[in-house]
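Take a look at the structure below.
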Amino acid sequence: MTIIQNPGDTPQVTAQTLPPIPPALAPTPAVRRSEPYLRLLWTDSVTGAVGYLVVHTLRGGLATGGTRMRAGCTLSEVEDLASGMADKTATFDLPVGGAKGGIDFDPKDPRAVEVLERFCEAMRPWIDQHWVTAEDLGVPQHLIDAVFDKLGLGQSYHAAIRRADDPAATLVRVRKGLNAAVEGGFLLGDVIGGYGVAHACLAAAVSWGRVPAATTVAIQGIGTMGGAAAYYLHEAGMKVTTVADAAGTLYCADGLDIPALLDLRDGYGEIDRTRLPEGIEQLPRTAVIAADVDILVPAAISYAINPDNSFDVRARIVVEAANAATTPEAEAMLAARGIAVLPDFVANAGAVAWAWWLLLGQVDDIPENSFDRLRTIMHSKVAQLLAAWTDHGVTPRDTGHRWADDPAPIMGPVIIS
Ligand SMILES: NC(=O)c1ccc[n+]([C@@H]2O[C@H](COP(=O)([O-])OP(=O)(O)OC[C@H]3O[C@@H](n4cnc5c(N)ncnc54)[C@H](O)[C@@H]3O)[C@@H](O)[C@H]2O)c1
Numbered sequence: 096m097t098i099i100q101n102p103g104d105t106p107q108v109t110a111q112t113l114p115p116i117p118p119a120l121a122p123t124p125a126v127r128r129s130e131p132y133l134r135l136l137w138t139d140s141v142t143g144a145v146g147y148l149v150v151h152t153l154r155g156g157l158a159t160g161g162t163r164m165r166a167g168c169t170l171s172e173v174e175d176l177a178s179g180m181a182d183k184t185a186t187f188d189l190p191v192g193g194a195k196g197g198i199d200f201d202p203k204d205p206r207a208v209e210v211l212e213r214f215c216e217a218m219r220p221w222i223d224q225h226w227v228t229a230e231d232l233g234v235p236q237h238l239i240d241a242v243f244d245k246l247g248l249g250q251s252y253h254a255a256i257r258r259a260d261d262p263a264a265t266l267v268r269v270r271k272g273l274n275a276a277v278e279g280g281f282l283l284g285d286v287i288g289g290y291g292v293a294h295a296c297l298a299a300a301v302s303w304g305r306v307p308a309a310t311t312v313a314i315q316g317i318g319t320m321g322g323a324a325a326y327y328l329h330e331a332g333m334k335v336t337t338v339a340d341a342a343g344t345l346y347c348a349d350g351l352d353i354p355a356l357l358d359l360r361d362g363y364g365e366i367d368r369t370r371l372p373e374g375i376e377q378l379p380r381t382a383v384i385a386a387d388v389d390i391l392v393p394a395a396i397s398y399a400i401n402p403d404n405s406f407d408v409r410a411r412i413v414v415e416a417a418n419a420a421t422t423p424e425a426e427a428m429l430a431a432r433g434i435a436v437l438p439d440f441v442a443n444a445g446a447v448a449w450a451w452w453l454l455l456g457q458v459d460d461i462p463e464n465s466f467d468r469l470r471t472i473m474h475s476k477v478a479q480l481l482a483a484w485t486d487h488g489v490t491p492r493d494t495g496h497r498w499a500d501d502p503a504p505i506m507g508p509v510i511i512s
């Protein structure tokens with residue numbers, strides 16, 4: 096049994112909290128950006144693509160956060176995402192700091208896999224020793240795992256797995272968990288984050304005293320996170336009237352047949368328009384933001400809701416499946432209109448929390464165990480966030496930041512079994 100040494104190498108992000116303010120008066124929310132622990136800049140010698148690793152906090156010598164690839168990805172974006180990861184790990188009491196990787200390159204370019212390989216090779220000292228990475232926008236888990244395998248590092252959780260007493264057994268357990276089959280023909284590792292997002296939405300409906308069937312939702316992005324969230328919301332009986340992918344928005348007032356649409360996706364999470372079922376209206380890509388629904392789930396790009404479009408939002412609540420989906424200015428504008436935002440570091444944190452539960456041996460490859468644990472925790476957290484919002488006018492982000500600033504202490508060495 097072993098071993099991540101003593102945690103707490105670096106202090107957690109410092110607090111910048113605001114006193115409770117009624118939503119109608121809410122000013123710009125706290126912008127949370129302390130200096131990261133480390134920034135690395137990489138330039139690909141073949142394509143000229145630029146990549147970044149930002150480690151916001153290191154705990155026990157480890158930091159965790161996915162690797163994204165998109166044309167136009169910036170250092171500032173990766174810094175925001177790494178900071179958000181530090182909030183997630185602290186909020187969910189995970190014994191690890193927050194980090195993020197980002198590559199400014201089109202994931203559909205035929206050279207994308209080679210670029211990812213060279214980025215990971217360049218980052219080898221970090222991915223070998225300190226940085227546990229995973230999928231993110233434009234980089235599916237199976238792809239990053241294949242790259243790690245090719246580099247002789249097994250799997251993308253390598254930096255944590257190598258610290259186990261029996262790394263080979265831990266690798267087997269992690270692979271079994273990630274690849275456990277779940278209903279709908281999906282893999283547990285691909286859907287667990289979206290399952291958590293779906294339950295954040297369902298918990299919001301519970302807090303309003305609404306049954307799922309009387310609740311409508313729009314989702315921007317129908318890839319790993321958005322697709323899984325849509326699937327579990329549809330399964331729970333919630334009416335998903337609107338979804339968008341990079342090609343546009345699809346709408347059906349009676350609710351979309353989500354399983355049928357998911358079957359039409361390509362490897363980039365785009366729906367084949369030539370095979371759409373009857374009765375679906377095709378709208379511009381940005382139309383999803385203005386959908387007349389109860390819940391809006393941004394599950395694609397960062398900064399999707401910004402000052403230019405925040406007045407278009409008609410939902411009662413925004414549930415952030417995407418990281419950094421709402422800019423601070425836009426969130427303040429939404430709050431002033433009484434629209435709550437469930438922040439990314441709670442709503443989508445099921446993905447990272449589950450990965451660490453799996454690493455630590457707290458869940459296994461029996462999907463129900465993972466689903467039960469995440470559902471229970473998510474409903475509890477969302478209920479508390481929304482109670483503080485409705486009863487005291489404290490934004491969910493401010494309440495969440497207070498949790499992140501006061502994580503449970505880690506007693507003794509962390510065990511990866
Ligand atoms: N994958 C994870 O485990 C995970 C975990 C936590 C958070 N997230 C966050 O969720 C978001 C999505 O990640 P993912 O892994 O699902 O990505 P993905 O690549 O699997 O899917 C992205 C989806 O967004 C769509 N899209 C892209 N640009 C769009 C645009 N401008 N308008 C509308 N749709 C657009 C794509 O067509 C696709 O449907 C990211 O912000 C990511 O950081 C992902």
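Using my numbering, the letters of the sequence shown map in sequence onto residues 96 to 512.
Ideal Cβ placement from N, Cα and C applies to all residues, glycine included.
Predicted model only: the values in this text are computed from it and were never measured.
The shortest CA-to-CA distance from ARG268 to any of GLY456, ILE239, ALA448 and HIS329 is the one to GLY456. Excluding sequence positions up to five before and after LEU328, its CB lies within less than 7 Å of the CB of ALA293, CYS296, VAL312 and VAL335, all in the same chain and listed in chain order. Per DSSP, the beta bridge partners of ASP199 are VAL145. Assignment of beta strand (DSSP E) within the stretch 307-368, counting only whole runs of 3 or more residues, yields 311-315, 334-340 and 343-346 in chain order. About 6 Å separates the beta carbons of VAL413 and THR421, which is inside the 8 Å limit, making them a contact pair.
Distance check between ARG270 and each of GLY284, GLU365 and THR344 places GLY284 closest, using alpha-carbon atoms only.
For TRP226, the pairing in a beta bridge is given by DSSP as ALA158. Counting only the Cα atoms, LEU282 lies some 13 Å from GLU463. Restricting attention to GLU216, THR142, ALA217 and THR337, the CA atom closest to the CA of PRO205 is found in THR142.
Counted as a single uninterrupted DSSP element, the beta strand (DSSP E) harbouring ARG134 occupies residues 133-138. Assignment of GLN236 by DSSP, reduced to helix, strand and coil, places it in the helix class. Counting only residues of its own chain and dropping the five nearest sequence neighbours on each side, ARG134 has a CB closer than 6 Å to the CB of VAL149. Distances taken from the Cβ of SER178 to the heavy atoms of ligand 1 include none shorter than 7 Å. Checking the DSSP bridge columns, you'll see GLY192 partnered with ALA158.
Here GLN457 carries a coil assignment [DSSP, helix/strand/coil].
The criterion of a C-beta distance shorter than 8 Å is not satisfied by ALA478 and ALA264. In the DSSP assignment, no residue is bridged to PHE243. According to the DSSP assignment, GLN377 belongs to the beta strand (DSSP E) that extends over 376-378.
Non-local beta-carbon contacts of GLY272 in its own chain, meaning distances under 6 Å to residues more than five positions away in sequence, involve LEU453 and ASP460 in chain order. Shown here, ASP231 sits in a strand according to DSSP, grouped into three states. With distances taken between CA atoms, GLY167 lies nearest to TYR398 out of ASP403, TYR398, VAL441 and LYS476. For ILE390, there is no enclosing alpha helix (DSSP H); the enclosing beta strand (DSSP E) has its first and last residue at 390-393. With 16 or more other Cβ atoms from the protein chains shown falling within 10 Å of its own Cβ, TRP226 counts as buried. Secondary structure note for LEU437: its beta strand (DSSP E) is the uninterrupted segment 435-437.
Taking a cut-off of 8 Å for Cβ pairs, the stretch 422-441 and the stretch 172-185 touch, as three or more such pairs fall below it. Residue nearest to ALA435 within the set GLY288, ALA275, ALA483 and ARG468 is ALA483 (criterion: CA-CA distance). DSSP places ILE472 in the uninterrupted alpha helix (DSSP H) bounded by 462-487.
In terms of Cβ geometry, PRO393 and ALA425 do not form a close pair [threshold 8 Å]. For GLY456, the Cβ stays outside the 7 Å cut-off from all heavy atoms of ligand 1. Per DSSP, the continuous beta strand (DSSP E) segment holding VAL413 begins and ends at 412-414. Taking 8 Å as the cut-off, the beta carbon of PHE187 is found no closer than this to the beta carbon of ALA385.
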